[in-house]
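Protein chains in written order, with my numbering: chain X, 1 to 312; chain E, 1001 to 1184; chain U, 2001 to 2427. The C-beta atom is built at its ideal place from N, Cα and C for all residues, glycine as well. Below is one structure, written out as C-alpha cells; the observations come after it.
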C-alpha cells in the first residue's frame, strides 16, 4: 500500500488502493484533530504555499489548518484575476513562489487544467484545490470519507448527486471516486445542466428528481449559481427549486436512514429547505470537520518522507 | 534479501518468566497501581502491554487500562524512509493526564522511537510520570534514553537484526538474532 | 532566366497529366512541356524520381503583418510557405489594423513584393474592422490587390449583412470566405463539445455552431447565386450540408485543414495549448466524415489556416491561450504520408485540392496548372524521403505546432516561383 504520486491533480488518475490509503490515513488525522493539542510534528520544516485564484474562505482555511496541524509552514496568496485582466502570468507567479524553496503548492484556479499545467514545470508537489469545472479531489475524498463514516461502506450504496452537474468539479471528482469504490451513482438535474452523455461516466442519468432519489442512501446536493439563470440554462431559481430542490417530501422517498450532503456554501431554501439543512440526517458540518483531516492525510502522504520513486 | 538466523535468544518459557519478573518489579515500584496506565507502542508493544496488564490483574487484582500508540507522525527520521510510512490510529480511550504511564515496546535500540512516543504522549496530556518497559534492550543508544524494566539485555552488533515474534500475531513466541545473508 | 526541369514525373490534374516530362521555363512562364527537351538553359534541375506538380497554393494563412510582427512577418511567413512547398499564399485580414481599406492592402502587396519569396495575395475584410456591420469598399480593395474577402477569425454573423455582401461580391465576381461559427452557440467554448469536454472540464463548442452557419450560407448562396467558400470545415453535419449544396448546384466550396483530418478532441487530455484552435479538433466520427468528404470530392481545397502565436502567448492556462496553430511547414508531408501513401486519396486528387482547385476558386487563371503560358510556379516533391517534423528548425517565427516529432514519408524538395528556385534557400 502507500501513496506513490508526486502530485494530487485529480481523482481520475488515482487507483483504488491510492484512495483507500488516503481514507485510512484520514482516520489517524481525525484523531489528532480531536485532541486538546491538535498538532504533530510530522511535516515540521516543510513550506507550503496556497495559491487561490478564486475566492474561497472554506477550502483555503481548511488547507491552512491541515498544514498547521502537521507543523508545516503555510502562506496564503490570493489573486483576483479574470482572463481579461492581464497581470503576471500564472507560470511566472509560480516560478517566483518556487524560488522561495517551497515544498508544495496548493492551487485553486478557474481554468481547468491549471494544476496539470503547473505540474509540467513545478518542482514542488502540486495539490489541486479545485480547477475550473474539472476536478476537486480533496472534496471528493472528504465526501467519501463522510459516507464511509456514516454508512460504513461505499460499495453498493445508491448515491444521488443533484444539481448543476455540467459545471461542477465537485460532481466530477465524486463521480470518479464513488464509481471506483463500487457505488451506484445517479445524477439528476435539468438537461441543460446535465447532458445525457454523462451516462458514459458509468452513472445513471435521471431527469425526474422524485424518481432519482427513490431508495437513496446518500443525497448530495450541489449549489446552483444565479448566473445559470442569466445564461438561460434555467428559466428561474423558482422553477429550479420546484423541480430539483430537496424538500422534506422528496427526502422521504429516500431510505429512512439516508444522509444529506452538500459541499457548501448552501443556498438555503433553494437546493435545500432550511429545516433539512439543519436536521440530524444532514452531515454537512461533519463534511467540514472531515475536510481538515482529509487534507492532513493528503499533505502527509505527499510530503511526509522523501519524495522519490513516484508515479506522475 | 535473505536473512540468516544466528541465534534464538528467548523462547515461550523464557519470555513468560521475563514478563512475570518485570510485573513483580512494576508492582514493587508503583505503590498506587490504580493510577497506572499502560500504553503499548505499535505493533508488538501492544501485545506485550496487554500481557503485562493481565499479569498485574492476576497478581494484584487491579484492572490497568491499555492503550495503543502510533508514533509515525512523530518520527524524526523521515529522510531515511525508503517507502512511505503508513499511519495507523492511536487508540487511547482514557486520559493520560496526571497518570503514571507505562510505555511498552518490544525492542529498545537507538531510543528514537521512545523519544517520539514521549512527545506524542505529552501532546495527548500531561502524565505524572512515564516509565519504560521493553522486552529486549540491545544497546546502541543514540539518545539519552533508558528503560525502567528490561526483559533481557542483549549485546548486539549494529548489523544484526533482533526479531521479536509473539503468538498473538506471529504464531509463536520467540526472540531471534538474524543477519542479512550475502553481505560481504 | 531560363530553366529546364528534366525527367520529372509531371502530375497535373488540370490537364490530366501523369507522365515523365521535361519542362522549359523562361521569363517566369512555362514555355514548353515535352517528353524530351534539349534546349540549353541557364539552369537545369534533374527531377528524376521526383514529382513535379503545379505550385501549391495555401488559401488560408495568417501572416500577422501589419501589427503582430512578433508572431510572423510577410517575409518569414513566405519563407515558411516556400519550405512547405507552397508557391502562393492568400493571407487573412485580421491584422492590426485590419485589412479593410486599400491602404493596408497596398502595404501588404508592396511588402510582399520587397520581401516575400512566394506569391502573396491579400484577402480583405468583408466588413469594416471585421465588426460585421458595414461592408468594406470591395471594389477599391480588389483594385489594390485583394483576391477574396473574409472576416476570418469571426463569422459574418448578421444574415442581412452577409446577404448584401454576397450580392455585391457577385457584381465584382469575387469570392467571400466565411468562418462558420455562431458565436452565441459557441459561447465560451474552447474545445469540441462532447464527452471529452465534459471530462476535461472545458467549455465546449457544439457542432451546431458550425452547421447553423454553413446552412445559412447555403441558403444565401442559393438565392444570390454568389460564390461562398467555407473555411476550415470541421464537422460531419457541415460536410453533409455541403454535399447537399453541391447536389443542388449551389456555388459553395469548402476547405479542410490537415489537423482536422488527423487529430481528435480526445488528445486534449494534456491541456496542450498547441491543440487549441477554432474550429476545434472534433470527434472521431467527424474526422472520419471529413476524410470521406475529401475522398468523395465534397471538400475542394486543402488549406492550413496557418496561425502563428508566440511561445509566451501559448504558455498559459488552456482557457486563456489564443486559438491557432501553424501549418505551412508540416501540411504537405502530413497529407502525403497519411493519405496518399496510405492509399486513401490519389496523388492526383491531393494536387487537385492543394493547387488546381484553389487556383480556380481564387480566380488565379495562370496558376494551378502546368501548361504553356502558365506561370512557372512549381512544387517538386520527393515522395520517398523520410523526414521528422522539427518545429525548432521551422522558418516560421512561431513554433506552435502539434506535429513536432512526427515521422513522415514524403516532402517538398524544390519550390519554384515565377521561374526562380525559392527553396532550398540560397542563404
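Sequence-distant residues of its chain with Cβ nearer than 7 Å to residue i (five each side left out)
{"i": "residue 2084 of chain U", "result": "2328, 2329, 2331, 2332, 2412"}
{"i": "residue 60 of chain X", "result": "50, 52, 76"}
{"i": "residue 2118 of chain U", "result": "2078, 2081, 2082, 2086, 2087, 2088, 2089, 2417, 2422"}
{"i": "residue 2326 of chain U", "result": "2306, 2307, 2308, 2396, 2398, 2400, 2401"}
{"i": "residue 2157 of chain U", "result": "2132, 2183"}
{"i": "residue 2379 of chain U", "result": "2053, 2055, 2056, 2085, 2087, 2412, 2415"}
{"i": "residue 110 of chain X", "result": "53, 54, 132"}
{"i": "residue 1246 of chain E", "result": "Here chain E comprises residues numbered 1001 to 1184, so residue 1246 of chain E is not present and cannot be evaluated."}
Neighbour flag for residue i against chain X, beta carbons, 9 Å
{"i": "residue 2312 of chain U", "result": "yes"}
{"i": "residue 1088 of chain E", "result": "yes"}
{"i": "residue 1120 of chain E", "result": "yes"}
{"i": "residue 2282 of chain U", "result": "no"}
{"i": "residue 2319 of chain U", "result": "yes"}
{"i": "residue 1072 of chain E", "result": "yes"}
{"i": "residue 1042 of chain E", "result": "no"}
{"i": "residue 2271 of chain U", "result": "yes"}
{"i": "residue 1115 of chain E", "result": "no"}
{"i": "residue 1075 of chain E", "result": "yes"}
{"i": "residue 1105 of chain E", "result": "no"}
{"i": "residue 1100 of chain E", "result": "no"}
Below-9 Å beta-carbon distance, residue i vs any chain U residue
{"i": "residue 164 of chain X", "result": "no"}
{"i": "residue 195 of chain X", "result": "yes"}
{"i": "residue 126 of chain X", "result": "no"}
{"i": "residue 172 of chain X", "result": "yes"}
{"i": "residue 3 of chain X", "result": "no"}
{"i": "residue 169 of chain X", "result": "yes"}
{"i": "residue 278 of chain X", "result": "no"}
C-beta neighbour in chain E for residue i, strict 9 Å
{"i": "residue 40 of chain X", "result": "yes"}
{"i": "residue 25 of chain X", "result": "yes"}
{"i": "residue 151 of chain X", "result": "no"}
{"i": "residue 264 of chain X", "result": "no"}
{"i": "residue 144 of chain X", "result": "no"}
{"i": "residue 31 of chain X", "result": "yes"}
{"i": "residue 35 of chain X", "result": "yes"}
{"i": "residue 70 of chain X", "result": "yes"}
Close beta carbons around residue i, own chain, < 6 Å, minus the five adjacent residues each side
{"i": "residue 2374 of chain U", "result": "2030, 2366"}
{"i": "residue 2106 of chain U", "result": "2144"}
{"i": "residue 1082 of chain E", "result": "Confidence at residue 1082 of chain E is low in this model, with a pLDDT of 45, below 50, so its placement is unreliable and no value can be given for it."}
{"i": "residue 126 of chain X", "result": "7, 105, 115, 118, 119"}
Buried versus exposed, by CB contacts within 10 Å (16 or more), residue i
{"i": "residue 1129 of chain E", "result": "exposed"}
{"i": "residue 1011 of chain E", "result": "exposed"}
{"i": "residue 273 of chain X", "result": "buried"}
{"i": "residue 1094 of chain E", "result": "exposed"}
{"i": "residue 135 of chain X", "result": "buried"}
{"i": "residue 239 of chain X", "result": "exposed"}
{"i": "residue 19 of chain X", "result": "buried"}
{"i": "residue 1123 of chain E", "result": "buried"}
{"i": "residue 2279 of chain U", "result": "buried"}
Contacting residues, own chain, Cβ-Cβ under 8 Å from residue i (five flanking each side not counted)
{"i": "residue 2020 of chain U", "result": "2007, 2008, 2009, 2010, 2035"}
{"i": "residue 2074 of chain U", "result": "2063, 2065, 2091, 2108, 2111, 2112, 2115, 2116, 2120"}
Any non-hydrogen atom of the ligand FMN closer than 8 Å to residue i Cβ
{"i": "residue 1130 of chain E", "result": "Absence of the ligand FMN is noted for the structure shown, with no ligands found whatsoever."}
Per-residue contacts from residue i into chain C (C-beta, under 7 Å)
{"i": "residue 134 of chain X", "result": "This model lacks chain C altogether, as its protein chains are X, E and U."}
Members of the stretch 111-122 of chain X near chain U, C-beta cut-off 8 Å: 111, 112, 113, 114, 116, 117
Name the residues in the stretch 1125-1145 of chain E whose C-beta lies less than 9 Å from a C-beta of chain X; which are they? 1125
For the stretch 1089-1164 of chain E, which segments carrying the alpha helix (DSSP H) assignment without a break, of at least 4 residues, lie completely within its bounds, in sequence order? 1112-1124
Report the residues of the stretch 2192-2206 of chain U with a CB closer than 9 Å to any CB of chain X, ordered along the chain. 2193, 2194, 2195, 2198, 2199, 2200, 2201, 2202, 2203
If the cut-off is 9 Å on Cβ atoms, which residues from the stretch 5-23 of chain X count as contacting chain U, listed in chain order? 12
Complete runs of the alpha helix (DSSP H) confined to the stretch 89-160 of chain X [at least 4 residues]: 90-98, 114-119, 137-151
With 7 Å as the limit, tell me which residues of the stretch 2289-2316 of chain U have their beta carbon closer than that to any beta carbon of chain X; keep them in chain order. 2315, 2316
To test your reading of the DSSP string, which unbroken alpha helix (DSSP H) runs of 4 or more residues are found completely within the stretch 2150-2237 of chain U? 2159-2171, 2183-2186, 2195-2200, 2207-2224
What residue ranges within the stretch 2066-2127 of chain U form continuous beta strand (DSSP E) runs of no fewer than 3 residues, ordered along the chain? 2086-2091, 2119-2124
Unbroken stretches of the beta strand (DSSP E), 3 residues or longer, contained in the stretch 186-222 of chain X: 218-221
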